[in-house]
Amino acid sequence: MVTTRPSVQDVWSWLADVPDPEIPVISLVDLGIIRNVTWQGDTLEVTVTPTYSGCPATSVINFEIDAALRGHGIENLSLKRQIAPPWTTDWLSDAGKTKLEAYGISPPNPAGGPQHCPHCKSSAVEKISQFGSTPCKAQWRCTECLEPFDYFKCI
Amino acid sequence: MSVIGLIRMGDNALVLGQRLSEWCGHAPALEEDIALANIALDLIGQTQLWLGLAAMRDGSGQTADTLAYTRDAWDFRNLLLVEQPNRDFGVTMMRQFLFDSWHFEALSALTTHADTDISAIAQKSLKEVTYHRERSTDTVIALGDGTDESRVRMQSALDRLWPYMGEMFTQDADDLTDMTLLRTAFDAHVMPALDTATLTPPDSTFAHQGGKNGTRHSEHLGHMLAVMQSLPRSYPDATW
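The listed protein sequences derive, respectively, from chains B and C. Read left to right, the first sequence gives residues 31 to 185 (the working numbering). Read left to right, the second sequence gives residues 5 to 244 (the working numbering).
Okay, here's the thing in structure tokens:
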């Protein structure tokens with residue numbers, strides 16, 4: 031019998047097309063939460079790490095991965111949760127950071143706050159709240175163009 | 005290995021997460037409402053990790069959900085501090101500040117625990133708790149060194165909660181790390197922050213005890229659990 035097992039590279043490229051359910055402008059691969067893709071015999075094993083331990087998107091993400099890979103003909107799929115090492119925004123891809131900014135979400139910055147307003151690029155920004163509409167974001171505003179915006183928390 | 009140490013970590017996160025959830029839709033400002041709900045969410049997520057591990061190690065067919073929803077008050081192993089009622093926003097934030105400051109040190113110690121499941125949960129939780137501590141510290145300072153009214157309320161919150169602090173540093177064989185060793189680092193964070201907040205720590209070392217060993221919970225826990233557990237106890241087969 032000829033095996034038609036897709037390559038791991040193909041699987042990665044399929045996952046790169048699966049959008050994050052809460053921030054659909056970036057993919058699950060951009061977000062850095064897919065930690066490993068490997069074949070264990072006839073079963074494809076995908077290792078996923080949660081962003082925040084209570085993030086309600088986690089179960090939706092698993093569902094999206096499952097649906098996408100089954101759509102590509104994967105029949106035996108196992109999703110593995112891995113919490114160590116813990117997810118960090120360092121794993122967000124450069125492409126993902128660029129897409130976030132273009133979408134109006136300021137990307138994480140190790141200096142501790144947004145580099146500039148994602149709309150007008152002014153560096154005159156101030157924090158409204160340490161938390162925002164999802165566990166991964168905080169609320170900031172630009173004192174130049176006066177627009178509020180989301181900042182992707184750096185952890 | 006006794007799973008009581010794991011249950012203690014999980015119950016602290018669960019009970020405080022439930023308490024903070026009570027603010028949802030009631031906080032003094034929209035941003036505070038969102039912040040408290042987000043912190044509650046982190047804590048409930050951490051609960052699933054701790055109680056999930058406890059259930060797995062226990063091996064008697066429990067799950068994180070059955071531990072959370074079918075135990076009675078006397079089987080809970082959380083600190084008395086976290087079951088104290090929300091009262092006003094000042095009491096809620098002071099409780100959060102004292103707990104976050106302890107939680108940060110406890111998790112920091114557990115990141116190097118020999119049991120890799122425990123150290124993994126600690127590393128994950130510590131990132132979230134670092135953020136919680138930053139916020140509750142800033143808020144206690146802003147309200148303590150704020151208006152006359154906010155200062156009075158924060159001092160009264162500190163006086164009220166002070167006797168619940170000592171239990172965090174008590175130690176027995178079930179604890180995952182030596183809790184007595186956390187006090188120095190805790191004080192090094194808490195005392196300067198209280199000073200900046202213009203608040204005065206009460207001159208007393210009296211400590212209420214009985215939460216983490218389950219011998220004497222306050223009357224508040226049972227009321228909280230009655231609300232939290234009502235649905236799964238009334239409809240044991242309910243699923244989402």
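Glycine is no exception: its CB is placed at the ideal position from the N, C-alpha and C atoms. Predicted, not measured: the structure shown is a model, and the values here were computed from it.
{"Query": "Do you know offhand how far V156 (chain C)'s Cα is from L61 (chain B)'s?", "Result": "45 Å"}
{"Query": "Let me make sure I understand the geometry here. Which of B:L74, B:D47, B:P140, B:Q112 has the alpha-carbon closest to that of A124 (chain C)?", "Result": "B:Q112"}
{"Query": "Give me, in chain order, the residues of the same chain whose beta-carbon lies closer than 6 Å to that of Y82 (chain B); leave out the 5 immediate sequence neighbours on both sides.", "Result": "P165"}
{"Query": "Note down, in chain order, each residue of its chain lying with its Cβ closer than 6 Å to the Cβ of Q50 (chain C), except the 5 sequence neighbours on either side.", "Result": "A17, S129"}
{"Query": "CB A44 (chain C) to CB G29 (chain C), shorter than 8 Å?", "Result": "no"}
{"Query": "Does any C-beta atom of chain B lie closer than 8 Å to the C-beta of A39 (chain C)?", "Result": "yes"}
{"Query": "Run down chain C in chain order and give the residues with a C-beta less than 8 Å from the C-beta of A87 (chain B).", "Result": "Ordered by position in chain C, no residue passes the 8 Å Cβ test against A87 (chain B), which lies about 11 Å from the chain."}
{"Query": "So what does DSSP say about F101 (chain C), is it helix, strand or coil?", "Result": "helix"}
{"Query": "Where does N106 (chain B) land, buried or exposed, given buried means 16+ other C-beta within 10 angstroms?", "Result": "exposed"}
{"Query": "Alpha carbon to alpha carbon, how far is Y73 (chain C) from R237 (chain C)? Give it in angstroms, no decimals.", "Result": "7 Å"}
{"Query": "Give the interface partners of Y239 (chain C) over in chain B, defined as CB-CB distance under 9 Å, in chain order.", "Result": "Those within 9 Å of Y239 (chain C) in chain B number zero; the least Cβ separation is about 21 Å."}
{"Query": "Looking only at C-alpha atoms, which of C:Q100, C:G14, C:T243 sits nearest to L165 (chain C)?", "Result": "C:Q100"}
{"Query": "Note down, one range per segment and in chain order, each alpha helix (DSSP H) of at least 4 residues found wholly within the region 146-192 of chain C.", "Result": "152-165"}
{"Query": "DSSP on Y179 (chain B), reduced to helix/strand/coil?", "Result": "Contrary to the premise, residue 179 (chain B) reads as Phe rather than Tyr in this sequence. Three-state result, F179 (chain B): strand."}
{"Query": "Can you list, in chain order, the residues of its chain with a C-beta nearer than 8 Å to that of L47 (chain C)? Leave out the 5 residues immediately preceding and following it.", "Result": "A17, L18, L20, G21, L24"}
{"Query": "Return helix, strand or coil for K151 (chain B), following the three-state DSSP convention.", "Result": "coil"}
{"Query": "Using the C-alpha atoms, what's the distance from I64 (chain B) back to L71 (chain C)?", "Result": "30 Å"}
{"Query": "Excluding the five sequence neighbours on either side, which residues of its own chain have a C-beta within less than 7 Å of the C-beta of P148 (chain B), listed in chain order?", "Result": "E131, G134, I135, S136, F179"}
{"Query": "Chain C partners of Y82 (chain B), CB-CB under 8 Å?", "Result": "L45, D46, G49, E132"}
{"Query": "Would the region 170-177 of chain B count as touching the region 151-161 of chain B if we require 3 or more Cβ pairs under 8 Å?", "Result": "yes"}
{"Query": "Find out if the Cβ-Cβ distance for the pair V67 (chain B), V90 (chain B) is shorter than 8 Å.", "Result": "no"}
{"Query": "Relative to chain B, which residues along the region 23-36 of chain C have a C-beta separation below 7 Å, given in chain order?", "Result": "E35"}
{"Query": "Three or more C-beta pairs under 8 Å: does that hold for the region 130-140 of chain C against the region 173-190 of chain C?", "Result": "no"}
{"Query": "Give a yes or no on whether the minimum CB-CB distance between M31 (chain B) and chain C is below 8 Å.", "Result": "Here M31 (chain B) scores only 47 on pLDDT, less than 50, and its place in the model should not be relied on; the value that follows carries that caveat. No, M31 (chain B) does not count as interfacial toward chain C."}
{"Query": "Residues of the region 90-118 of chain B in Cβ contact with chain C at a cutoff of 9 Å, in chain order, please.", "Result": "Q112, I113, A114, P115, P116, W117, T118"}
{"Query": "Can you tell which of C:E26, C:A197, C:T120 has the C-alpha that lies nearest to the C-alpha of D149 (chain C)?", "Result": "C:A197"}
{"Query": "Taking only three categories from DSSP, how would you classify E138 (chain C)?", "Result": "helix"}
{"Query": "Nearest-angstrom Cα distance between L109 (chain B) and Q70 (chain B)?", "Result": "12 Å"}
{"Query": "Verify the CB distance criterion: does R220 (chain C) have a CB-CB separation below 8 Å to chain B?", "Result": "no"}
{"Query": "Could you tell me which uninterrupted alpha helix (DSSP H) segments, each at least 4 residues in length, are contained entirely in the region 98-177 of chain B, listed from first to last along the chain?", "Result": "124-133"}
{"Query": "Could you tell me whether the Cβ of F182 (chain B) comes closer than 8 Å to any Cβ of chain C?", "Result": "no"}
{"Query": "By DSSP's criteria, N66 (chain B) is part of a beta bridge. Which residues make up the other side?", "Result": "B:T77"}
{"Query": "So, is E153 (chain C) buried or exposed, given that buried needs 16 or more other C-beta atoms within 10 angstroms?", "Result": "exposed"}
{"Query": "What residue range does the alpha helix (DSSP H) around G49 (chain C) cover?", "Result": "34-62"}
{"Query": "Which residues bound the alpha helix (DSSP H) around Q39 (chain B)?", "Result": "38-45"}
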